[in-house]
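Following: one structure in structure tokens, then a few remarks.
Protein chains: 6
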Amino acid sequence: MKLSARNQLSGTVKSINKGEAIANVVLDVAGQRLVASITVEAVDDLGLSEGAPVSAIIKASDVIIATDG
Amino acid sequence: MKLSARNQLSGTVKSINKGEAIANVVLDVAGQRLVASITVEAVDDLGLSEGAPVSAIIKASDVIIATDG
Amino acid sequence: MKLSARNQLSGTVKSINKGEAIANVVLDVAGQRLVASITVEAVDDLGLSEGAPVSAIIKASDVIIATDG
Amino acid sequence: MKLSARNQLSGTVKSINKGEAIANVVLDVAGQRLVASITVEAVDDLGLSEGAPVSAIIKASDVIIATDG
Amino acid sequence: MKLSARNQLSGTVKSINKGEAIANVVLDVAGQRLVASITVEAVDDLGLSEGAPVSAIIKASDVIIATDG
Amino acid sequence: MKLSARNQLSGTVKSINKGEAIANVVLDVAGQRLVASITVEAVDDLGLSEGAPVSAIIKASDVIIATDG
Numbered sequence: 001m002k003l004s005a006r007n008q009l010s011g012t013v014k015s016i017n018k019g020e021a022i023a024n025v026v027l028d029v030a031g032q033r034l035v036a037s038i039t040v041e042a043v044d045d046l047g048l049s050e051g052a053p054v055s056a057i058i059k060a061s062d063v064i065i066a067t068d069g
Numbered sequence: 001m002k003l004s005a006r007n008q009l010s011g012t013v014k015s016i017n018k019g020e021a022i023a024n025v026v027l028d029v030a031g032q033r034l035v036a037s038i039t040v041e042a043v044d045d046l047g048l049s050e051g052a053p054v055s056a057i058i059k060a061s062d063v064i065i066a067t068d069g
Numbered sequence: 001m002k003l004s005a006r007n008q009l010s011g012t013v014k015s016i017n018k019g020e021a022i023a024n025v026v027l028d029v030a031g032q033r034l035v036a037s038i039t040v041e042a043v044d045d046l047g048l049s050e051g052a053p054v055s056a057i058i059k060a061s062d063v064i065i066a067t068d069g
Numbered sequence: 001m002k003l004s005a006r007n008q009l010s011g012t013v014k015s016i017n018k019g020e021a022i023a024n025v026v027l028d029v030a031g032q033r034l035v036a037s038i039t040v041e042a043v044d045d046l047g048l049s050e051g052a053p054v055s056a057i058i059k060a061s062d063v064i065i066a067t068d069g
Numbered sequence: 001m002k003l004s005a006r007n008q009l010s011g012t013v014k015s016i017n018k019g020e021a022i023a024n025v026v027l028d029v030a031g032q033r034l035v036a037s038i039t040v041e042a043v044d045d046l047g048l049s050e051g052a053p054v055s056a057i058i059k060a061s062d063v064i065i066a067t068d069g
Numbered sequence: 001m002k003l004s005a006r007n008q009l010s011g012t013v014k015s016i017n018k019g020e021a022i023a024n025v026v027l028d029v030a031g032q033r034l035v036a037s038i039t040v041e042a043v044d045d046l047g048l049s050e051g052a053p054v055s056a057i058i059k060a061s062d063v064i065i066a067t068d069g
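Protein chains in written order, with my numbering: chain A, 1 to 69; chain B, 1 to 69; chain C, 1 to 69; chain D, 1 to 69; chain E, 1 to 69; chain F, 1 to 69.
Right under this line is the structure:
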């Protein structure tokens, strides 16, 4: 599968904090911490668990740029 | 300023492709390519140019997770 | 590849309106019209053209519900 | 009311999984399953329940395109 | 029509900057400037022009909070 | 810090409804009610509580426009 989403970062699942509807999944992406809020259904469907290799996919229109200025 | 957005990655501007309303800004984040689609107004307002140090800010609810399965 | 995004609709490309940075891609999904705004880079990278079979992928957190009330 | 959002799909509520803050609402849209993550407040405000006719509204900039390639 | 989106702010169109695919529409919302990036198709479909009364609709999951800290 | 996000509205925290993973934070922005769904981690990290002065930050691509027509 090939995606129009321009940003696809490889990483590993570090922890999962499940609520009833949504779970926050913490990833390690090249030493940087990344958090994804996804449905609990998706966590179960993908069989996510600590240590699992995953990709973080982010549409270019969802990226904000910040400067120090 | 402190943000609720959980994901803030440091990088550098590599190139800017400006349209009339929207510009695609390509970043180098720890050796990985990241693209942000922002308004041309924001590019000008932040004074973005090649080589500029920036952060990419991404809300956790905008991150999709993918597995190979 | 398996995605956490809950919504994946099969369709066909009907037309592509390219700007400089962003393109609007019109899809036919089971007889319904769907529009996706993606980068021109993605259109080229995926080799999209009229008639191409594609999927529209939408994160559950990006869906708004409306009622008539 | 007329919306700039290009994608408005008619469907029916199939199930609602309520957490404390967010609920996942599963829709049937022309035989296809669609999930929307919305606030619990919105579920109550709209009086959503199984079988209710609704529309799923999705901004074009939130649609990712995928190909098999 | 009633929407699950929690944020609906009344305002007026101040200016429209049209590209080929996307237009940036500047609104005045209670004296505050608000910018919406929407498709050019939507600008035409809604017949937007300077001075037109409109609402800005924003899903709660798209709002980031910032503090000075 | 300067942000590409075009919309930054000053307000005050009115209430916080915490789930396990996500919290809905209600703001008063110039007399208007605004809701932000953010991670519980962010609520804690920013030390949000009733009465706290904050900004609501919204990317232009996340704003939908509605007319009465």
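By construction, the Cβ of each residue, glycine as well, lies at the ideal position given by its N, Cα and C atoms.
- The C-beta distance from S4/B to I65/E rounds to 4 Å, short enough to fall under 8 Å.
- Using a Cβ-Cβ distance cut-off of 8 Å, the stretch 39–46 of chain B and the stretch 49–62 of chain C are not in contact, since fewer than three pairs of beta carbons, one from each stretch, lie closer than that value.
- Around the beta carbon of S61/B, 16 or more other beta carbons lie within 10 angstroms, which makes this residue buried.
- Of the candidates N17/A, V26/A, A21/A, the residue whose Cα lies closest to the Cα of G11/A is V26/A.
- Counting along the chain, the unbroken alpha helix (DSSP H) around A42/F starts and ends at 40–46.
- Using beta-carbon distances, S61/E counts as an interface residue toward chain B, with a partner under 8 Å.
- Chain-ordered, the chain A residues with CB closer than 9 Å to the CB of T67/B read L46, G47, L48, A52, P53, V54, S55.
- Interface annotation for the stretch 8–38 of chain D against chain C: L9, N24, V25, A30, Q32, L34, V35, A36, S37, I38, criterion Cβ-Cβ distance under 7 Å.
- In the displayed model, A60/C falls within a helix according to three-state DSSP.
- Contact check for G19/B and G19/C: beta-carbon distance about 5 Å, within the 8 Å limit, so the pair qualifies.
- About 4 Å separates the beta carbon of R6/A from that of V35/B, a gap short enough to meet the 8 Å contact definition.
- For a cut-off of 8 Å, the C-beta gap from I22/C to I22/E is around 5 Å, short enough to register as a contact.
- Of the other Cβ atoms in all chains shown, fewer than 16 fall within 10 Å of the Cβ of A30/A; this residue is therefore exposed.
- Interface annotation, I64/E: in contact with chain B, CB-CB separation under 8 Å.
- For D28/C, the uninterrupted beta strand (DSSP E) segment begins and ends at 22–29.
- In this chain, the beta strand (DSSP E) harbouring G11/B covers 7–18.
- The residues S55, I57, in chain order, have a CB closer than 6 Å to that of Q8/E in the same chain once the five nearest residues on each side in sequence are set aside.
- Bridge pairing for S55/C: S10/C, A66/D [DSSP].
- Restricting attention to V63/C, T67/C, D45/C, the CA atom closest to the CA of T67/D is found in D45/C.
- Taking the Cα positions, K14/C is about 25 Å away from N24/E.
- DSSP places S49/A in the coil class of the three-state scheme, outside both helix and strand.
- Judged by DSSP in its simplified three-state form, S37/A adopts strand.
- Shown here for S49/E: not one same chain residue has a beta carbon closer than 6 Å to its own, the five before and five after excluded.
- Proximity to D28/B across V43/B, A52/B, G47/B peaks at A52/B, based on C-alpha coordinates.
- A direct Cα-Cα distance of roughly 20 Å separates K2/E from V63/E.
- CA-CA distance, V43/B to G47/D, rounds to 43 Å.
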